[in-house]
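Residue numbers (the numbering used here), protein chains in the order written: chain X, 924 to 1275; chain C, 137 to 500.
Just so you know, even glycine gets a beta-carbon here, dropped at the ideal spot from N, CA and C.
Scroll down for the structure; my scribbles are underneath it.
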């Protein structure tokens, strides 16, 4: 049946479509037969659902997609995916993938917690993973990242690379998650140079704030005019404009989430790596055996960190690297505590 | 004499337009290597093929009915309200205030309270541009667009700094208490023995929207103020000569418009999300413009157009999930339908009219 329809379709499409025909058939066959059928056609294919903003945001969602793709290339497996375009689609998307038997189902973004709590209870045999938020259920894996620790490290590098003593931060939207980035960054800067100035700007208040390179470019120019000579962007696709303008104006920039050093070789100081890709890759690799629980990904276990490769090797001095690696070791051992904005919603190093 | 019978105007022309849009969408899908017939089947089954599908389609349609009414009532006075989005967002704040800070004993009272507060908040957000238009001549299109952005910023501030529970990462209010949860179609239709899908978001707000449609019809075509609004819209100078106050009409039509837009939030904020999140209106305020244009600013037309848009939203979502078609392709299909039914109306209308005229000449 699926062969007649699925002429040019990739494998995972055939699979989901096969399920779709199953649901059509079940209408005629009745509920008990349906159970038997879908059990027979149970799919182990994992699924990933992207948040608003889309999978090609050069940042968070794209990192998640990268992890899924790496898994597909290495194992030759296939996965189902969906990009939501409305908040109302969250529960709908999780439920449909669950009904199709996709396992595990991974979703990236803090807004998934409420719908996932509702749906995960209805499918106790399936495994779910949520990134950036905690859902406490026996079949859900929660992965959160210590963005403040990684931001602290790149903040130190920014302060060391800065000649003017003024560095910039450009966030996407004024939300707690981005304040967490900014607060860690400012602490890192102050740790190296207590007299430094951190200029912080947010891009906007609409969803387009995460994908507005032009606005990112304007804000970078504004920060340069105030003396900034290193700019850290935590703003999704907007960051592309920040990095571009920084390179054009001859100052340094810092990328976020993925390794963005390659975008302007020799002009991007480093990138704050948030290994969302690893989280997705590991969930897909574990498959149906994904262990539920609560994973904190920090500097200690390589969940966050700074990027060093051929593109920025000339910008990172041995002294700089030694200082940052020392701080990373201290954070890992617990000797150095970076204040987490979310712990009490305050930040001494920076005001919002 | 009419150029063609009414049934052709109301049914035949939209049907031909949708057919043309479907054919071109099919060609686009073929070009990308997908099976268009299969896609069509998925869209229909996903949007109207089950009670859950209907639940989503009517949920979206409810949003569009409210915003469509908002645009229509203002347009009868020839006020072009582009600010439905901001007014709907403010209405969401009204719903959140009603549900979070007032302990309602029962959902019926909570619903009434939410309708009143969301209407007031939305109306307030429309009243400021209306006042500037009436008293200062600031163009309503410009000011309402600007007020959308002010609304985004205001809500961002409210959610991050004021209404968000402490220690929570997501910029959203707490979930509304149980007593403020609206019954969905599963609960309502269950009373009359119809088994409706439990997890579909369509809720009692749909019936509120239908009541609002009746209210708009009665107001515009059955009251003195409605007559004055239409009179003002057709000719401002004639209305002025007849003793109608332009300030009064601008204020009333825009306040009603903002009220309808704000009331949308009882559907998406109170009925579906049960908490206020960033960007809760999700563009429904802008879709309302297309809905009102397509529905010719008449309540019946608005309901039909809103259901068509709900169908496109929900069918498109299912297409994306089940056939793994990228969301951009879904937008292309949605746009084609809007283009043909809304913007290219005359392309179909003129030839059909000529055919009917030719037929009539033959009879005569």
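Could you tell me the alpha carbon to alpha carbon distance between residue i and residue j, rounded to whole angstroms?
i                       : j                       : result
residue 1083 of chain X : residue 1263 of chain X : 22 Å
residue 477 of chain C  : residue 987 of chain X  : 38 Å
residue 1094 of chain X : residue 354 of chain C  : 49 Å
residue 308 of chain C  : residue 300 of chain C  : 6 Å
residue 1242 of chain X : residue 1248 of chain X : 10 Å
residue 186 of chain C  : residue 999 of chain X  : 35 Å
residue 249 of chain C  : residue 234 of chain C  : 6 Å
residue 451 of chain C  : residue 418 of chain C  : 17 Å
residue 440 of chain C  : residue 1129 of chain X : 30 Å
residue 1067 of chain X : residue 305 of chain C  : 11 Å
residue 1177 of chain X : residue 1238 of chain X : 12 Å
residue 1207 of chain X : residue 1025 of chain X : 11 Å
residue 1117 of chain X : residue 1270 of chain X : 15 Å
residue 1162 of chain X : residue 1155 of chain X : 9 Å
residue 130 of chain C  : residue 150 of chain C  : Nothing in the structure corresponds to residue 130 of chain C, since chain C is present only between 137 and 500.
residue 997 of chain X  : residue 1216 of chain X : 26 Å
residue 218 of chain C  : residue 267 of chain C  : 15 Å
Taking the continuous beta strand (DSSP E) assigned at residue i, which residues delimit it?
i                       : result
residue 1196 of chain X : 1191 to 1197
residue 415 of chain C  : That residue, residue 415 of chain C, is in no beta strand (DSSP E); it is neither H nor E in DSSP.
residue 1098 of chain X : Here residue 1098 of chain X belongs to no beta strand (DSSP E), and DSSP marks it neither H nor E.
residue 231 of chain C  : Unbroken run through residue 231 of chain C is the alpha helix (DSSP H), 220 to 237; no beta strand (DSSP E).
Between residue i and chain X, is there a C-beta pair that is closer than 8 Å?
i                      : result
residue 460 of chain C : yes
residue 506 of chain C : What is shown of chain C runs 137 to 500, which leaves residue 506 of chain C out entirely.
residue 354 of chain C : no
residue 323 of chain C : no
residue 258 of chain C : no
residue 303 of chain C : yes
residue 484 of chain C : no
residue 292 of chain C : yes
residue 377 of chain C : no
residue 195 of chain C : yes
Give a yes or no on whether the C-beta atoms belonging to residue i and residue j are separated by under 8 Å.
i                       : j                       : result
residue 352 of chain C  : residue 339 of chain C  : no
residue 1043 of chain X : residue 1060 of chain X : yes
residue 240 of chain C  : residue 232 of chain C  : no
residue 1086 of chain X : residue 1171 of chain X : no
residue 1053 of chain X : residue 1063 of chain X : yes
residue 1232 of chain X : residue 1201 of chain X : no
residue 227 of chain C  : residue 398 of chain C  : yes
residue 1283 of chain X : residue 1049 of chain X : Since the first residue of chain X shown is 924 and the last is 1275, residue 1283 of chain X is not available in this structure.
residue 365 of chain C  : residue 391 of chain C  : no
residue 321 of chain C  : residue 191 of chain C  : yes
residue 983 of chain X  : residue 1107 of chain X : no
Consider the Cβ of residue i: report whether some Cβ of chain C lies at a distance smaller than 8 Å.
i                       : result
residue 1056 of chain X : yes
residue 1039 of chain X : no
residue 992 of chain X  : no
residue 1033 of chain X : yes
residue 936 of chain X  : Low per-residue confidence applies at residue 936 of chain X: pLDDT is 38, beneath 50, and the placement is therefore not dependable enough to give any value.
residue 963 of chain X  : Bear in mind that a pLDDT of 33 at residue 963 of chain X, under 50, signals an unreliable position, so the model cannot answer this.
For a contact defined as C-beta to C-beta under 9 Å, what are the partners of residue i on chain C?
i                       : result
residue 1003 of chain X : 457, 460
residue 1030 of chain X : Simply none; closest approach about 14 Å.
May I ask which residues mark the beginning and end of the alpha helix (DSSP H) holding residue i?
i                       : result
residue 392 of chain C  : 382 to 399
residue 1243 of chain X : 1241 to 1256
residue 374 of chain C  : 372 to 377
residue 464 of chain C  : 463 to 474
residue 278 of chain C  : 276 to 293
residue 196 of chain C  : 187 to 212
residue 1157 of chain X : That residue, residue 1157 of chain X, is in no alpha helix (DSSP H); its beta strand (DSSP E) goes 1153 to 1157.
residue 1148 of chain X : 1136 to 1148
Going along chain C in order, which residues have a C-beta closer than 8 Å to the C-beta of residue i?
i                       : result
residue 1129 of chain X : 285, 288, 415
residue 1012 of chain X : 453
residue 1070 of chain X : Going along chain C, no residue has its Cβ under 8 Å from residue 1070 of chain X, so there is no contact; the nearest lies around 11 Å.
residue 1268 of chain X : 302, 303
residue 1265 of chain X : 303, 305
So with CB distances below 7 Å, who are the chain C contacts of residue i?
i                       : result
residue 1016 of chain X : 457
residue 1098 of chain X : 296, 307
residue 1019 of chain X : 457
Please compile the residues from chain X whose C-beta is within a distance smaller than 7 Å of the C-beta of residue i.
i                      : result
residue 463 of chain C : 1006, 1008
residue 418 of chain C : 1009, 1010
residue 337 of chain C : 1011
Using a C-beta to C-beta distance shorter than 8 Å, which residues of chain X count as neighbours of residue i?
i                      : result
residue 192 of chain C : 1011, 1015
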